[in-house]
Amino acid sequence: MIDTTDHNTIVKVHGESEPLAARVAILVPFVAPHKKPIYQALANRCESLAVLVSTPMEENRYWQPDWDGLDVIVQRTWTIRQIFRHRVGFREPLFVHVPVDTWKRLRQVRPDVIISHEFGFRTLFAALYRQVSRKSRLVIWGGLSEHTEKGKGLTRLLLRKLLIRLADVVVVNGKSGMRYVRNLGMPDDRVLRFPYATIPSPFDDAPPKRDESTRDHLVFVGSLIERKGIVPFVECLAEWCQSHPDREIRLTLVGEGPERPKLESLAKPDNLRLEICGHCGYERIHQAYREASIFAFPSLMDDWGMAVNEAMQAGLPILGSPYSQAIDEMVVEGEHGWRFHTDQRDEMYSAIDRALGTPWHEQQAMGERARRRIEHRTPDYAASFLVRAAKR
């Protein structure tokens, strides 16, 4: 197996600053803000890096495109809009991008290494190019887990099996992703587990100082969409508050999305204060982390969950669902927070009860352990694993 390290505890790896003497093309749907520092770190290691995007930004995202310091090429793309229905019950829009000029763009860039995100059309086109340009190498960056792939259908399964055969290396976010690609037939020695990086923040050197007045303040950061599970979580938290009228609980939601009207209209007891901040920049997000004592992440499905990294970096214990691969990988029950499955109401209520029943000093100790577990996951550290993948 390529990757035998535990990315949750290791701080440095051999060859972390090793350069890559190659031209690299990375194919992605768009440049997400939390991935831009990784691309920049990778660009600093290789001869050149071209970032091929299918679209400047997907229409259901609240981010603005930010490509400063990157060589970005916007591809000519057909986009198919679908509704994805997962087995746990949620639905959400799905954008299937077909970047039809991939072959042309790769011929222009002439990469030695192609890193293609996901197992869709862009990677299929990249794999076909790799078959003709035999000196190039194809690394598939598969943002998936066993849970995210439930109900994806036979066509997608067959395409994934084909692409696995054509790839030189597959990079996945966690152990669940590794099990999934192994089950598709990928040999162990061609799978690399990628340590999802935390972007630079004010908490890099030290977590914020908190006092006990923040003890009953929870924060959630993310899109207010069905997949994030925030509505059932607030309903369950309201039930807990109703059973504990002596406690004053505050929940801050930093994010925007179609679930907002439903959240605003939910019946809540007087001792639950719900604040919805809408879409915010990182300065306001960091403020929200400073003011809270627990980070809530009741996701019904996430191949990772970048906000979990950010919250742990800010020294917050995590109250969340292992349907997010970040929590599945990094949060140990009772050590770094409290785990529950969002579609199991009694389990969620019990986790809320454990979290809000934890003494202040132990909450703080959990937050410090969470911070230590994440602090090595820098963009440069993450880029080093992409370099390792490219050299296999």
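The sequence shown maps to residues 0 to 391 in numbering that gives the first Met the number 0.
C-beta: ideal position from N, C-alpha, C; glycine also.
These figures come from a predicted structure and were not determined experimentally.
Decide if residue i is buried, meaning its Cβ has at least 16 other Cβ atoms within 10 Å, or exposed.
i    : result
T197 : buried
A369 : buried
P28  : buried
D210 : exposed
D203 : exposed
H360 : exposed
V307 : buried
V131 : exposed
W140 : buried
R391 : exposed
R387 : buried
D2   : With a pLDDT of 41 at D2, under the threshold of 50, the modelled position of this residue cannot be trusted; read the value that follows with caution. The residue in question, D2, is buried, as its Cβ has 16 or more Cβ neighbours within 10 Å.
P297 : buried
D302 : buried
I392 : Residue 392 lies beyond the range of the chain shown here (0 to 391); nothing can be said about it.
Which residue comes first and which comes last in the beta strand (DSSP E) that contains residue i?
i    : result
P400 : It is not possible to answer for residue 400, since the shown part of the chain is limited to 0 through 391.
W66  : Run containing W66: none; DSSP gives neither H nor E here.
L250 : I248 to V253
C45  : C45 to V52
E282 : First-last for E282: Y281 to E290, but that is the alpha helix (DSSP H), not the beta strand (DSSP E).
L273 : L271 to G277
D70  : D70 to V73
Q363 : Where Q363 is concerned, there is no enclosing beta strand (DSSP E), although the alpha helix (DSSP H) it sits in stretches over W359 to I373.
D80  : Sequence inspection shows Arg at residue 80; the Asp mentioned does not correspond to that position. First-last of the beta strand (DSSP E) with R80: T76 to R84.
R60  : Run containing R60: none; DSSP gives neither H nor E here.
R192 : V190 to R192
L299 : That residue, L299, is in no beta strand (DSSP E); it is neither H nor E in DSSP.
V171 : V168 to V171
Check each candidate in the options and name the one with the smallest Cα separation from residue i.
i    : options                   : result
A325 : S292, S349, M365 and I373 : I373
G256 : P92, V307 and Q363        : P92
N172 : Q343, M347 and E328       : E328
H84  : E225, V97 and V112        : Note on residue identity: the sequence assigns Arg, not His, to residue 84. Here the closest residue by C-alpha is E225.
S320 : K227, R44, W359 and V170  : K227
P207 : L191, S47 and Q312        : Q312
A205 : R289, M305, Y61 and Q343  : R289
R133 : L252, L165, P358 and R249 : L165
A291 : R259, E258, A31 and L252  : L252
T213 : T154, K103 and F294       : F294
Y61  : Q343, F89, S222 and V170  : S222
M305 : S242, E58 and T377        : T377
L265 : E282, H278 and E238       : E238
H278 : R44, N43 and Q63          : Q63
Would you tell me roughly how many angstroms separate the C-alpha atoms of residue i and residue j, rounded to the nearest one?
i    : j    : result
S383 : V71  : 21 Å
C235 : H375 : 34 Å
D65  : P36  : 11 Å
V331 : I284 : 25 Å
V95  : E247 : 44 Å
D188 : E117 : 20 Å
E17  : L385 : 11 Å
R272 : E367 : 26 Å
R338 : V50  : 37 Å
K151 : S144 : 12 Å
W77  : G142 : 21 Å
V220 : L315 : 13 Å
E309 : T147 : 22 Å
V108 : A24  : 7 Å
A31  : D345 : 35 Å
K149 : R86  : 7 Å
S115 : P260 : 37 Å
H33  : V230 : 25 Å
A389 : D245 : 57 Å
D379 : K267 : 44 Å
R80  : R121 : 16 Å
T341 : R136 : 40 Å
K174 : E334 : 19 Å
H216 : A287 : 10 Å
L19  : L299 : 38 Å
M185 : I163 : 6 Å
A40  : P110 : 18 Å
Y38  : D352 : 41 Å
I9   : R371 : Any answer about I9 is weak, because its pLDDT of 36 lies below 50 and its placement is not dependable; what the coordinates show is given next. Rounded to whole angstroms, I9 to R371 spans 10 Å at the Cα level.
P358 : A364 : 10 Å
P55  : F193 : 25 Å
E274 : N43  : 41 Å
Y281 : V218 : 14 Å
L26  : Q241 : 49 Å
On the DSSP letters alone, give me the boundaries of the alpha helix (DSSP H) that residue i sits inside.
i    : result
I326 : Q324 to M329
I37  : K35 to A42
A306 : M305 to Q312
F384 : P378 to K390
V180 : K174 to N182
R344 : R344 to L355
Practice item. Enumerate, from N- to C-terminal direction, the unbroken alpha helix (DSSP H) stretches of 4 or more residues contained entirely within the region 95–155. Key: 101–108 and 120–131
Review point. What residue ranges within the region 207–261 form continuous alpha helix (DSSP H) runs of no fewer than 4 residues, ordered along the chain?
Key: 229–242
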